[in-house]
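Trainee: Under the working numbering, the residues of the sequence shown are numbered 876 to 1082, in order.
Even for Gly, the Cβ is constructed at its ideal location relative to N, Cα and C.
Model, not experiment: these values are computed from the prediction.
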Amino acid sequence: MSESTTAPSAYALAQRQGDRAIRTTLLDAASRLLAAEGSQALALRRIAAEVGCSTTVLYRMFGGKSGLTEALFIEGFERFRQRLAAVPHHSDPRDYVRELGRAYRANALAERNYYGLMFGETVPGFEPGEEAMATAASAYEVLENAVAACAAAGLLIDADPSHVAASFWAGIHGFVSLELGGHLDDAEAVLDAFMRGVSSGFFINAK
């Protein structure tokens, strides 16, 4: 009779790859629990049990629940920034802005467990610290710079580029929030209509 084997825990697998992998494993587990069960699930014992480690590991990595929450916020926005930064620049800066909107959506769908903390109040009383706010600002800066490039090329309507960037951000955020909430039956078609609206509303000689 063969002996039964126990699959290694998520923590044990991450240990083989080092601290960065451990940190990612812990944050992804915490984000899943937060999205599924709310802020009460961010108890360190709960997360430790989820990944198969001791609470000592979480204290070493994050210092406690507040540090963990801050790390979740930073991780979410850093992944978001990287997704936007990976969008290739186009010869036409208007195309680049539209592709950033699609990257925003792709990131939200891929990282939906982080999305609520990034843009909502899923952890009552949480206030992002200086590093967290700087990380969030660096993501938004990618879009601001793209809109500014449209203005510099004479392709933007007569409006403050910062206001246009904020309007575009608000629009794509609203679309994504509705999609994540299950309120859009044909999200692709709605997104296409939104992008056409952006083109005709913000850009000169829109395509």
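1. Whose C-alpha, out of L1030, T931, S1052, is nearest the C-alpha of S966?
2. I need the boundaries of the alpha helix (DSSP H) containing V899, first residue and last residue.
3. Counting pairs of Cβ atoms below 8 Å between the region 1068-1075 and the region 961-979, do you hit three or more?
4. Could you tell me if S877 is buried or exposed, where buried requires 16 or more neighbouring beta carbons within 10 angstroms of its beta carbon?
5. Kindly provide the ranges of any alpha helix (DSSP H) runs that are 4 or more residues long and lie completely inside the region 964-1000, ordered along the chain.
6. When DSSP labels each residue in this structure, what does L1031 get in the three-state scheme?
7. Give the straight-line distance between the Cα atoms of G951 and T900, rounded to the nearest whole angstrom.
8. Tell me, which residues are paired with F1078 by DSSP?
9. Buried or exposed for T931, please, with buried defined as at least 16 other CB atoms from any protein chain shown within 10 angstroms of its CB.
10. Suppose you measure from the CA of G942 to the CA of Q957; what does that come to, to the nearest Å?
11. Using the beta-carbon count (16 or more within 10 Å), is I897 buried or exposed?
12. When you compare the region 999-1009 with the region 1054-1070, are there three or more beta-carbon pairs, one atom per stretch, that lie closer than 8 Å?
13. Does the region 991-1006 come within contact of the region 898-917, defined as at least 3 CB pairs closer than 8 Å?
14. Output needed for Y990: all residues of its chain with C-beta closer than 6 Å, excluding positions within five of it in sequence on either side, in chain order.
Mentor: On the basis of the coordinates in this document:
1. L1030
2. Note on identity: in this sequence residue 899 is Thr, with Val being the wrong assignment. Start and end: 894-912.
3. yes
4. Interpretation of S877 is limited by its pLDDT of 49, a score under 50 that renders its predicted location unreliable; no figure is taken from the coordinates.
5. 968-985, 987-994
6. strand
7. 13 Å
8. L1031
9. exposed
10. 22 Å
11. buried
12. no
13. yes
14. A983
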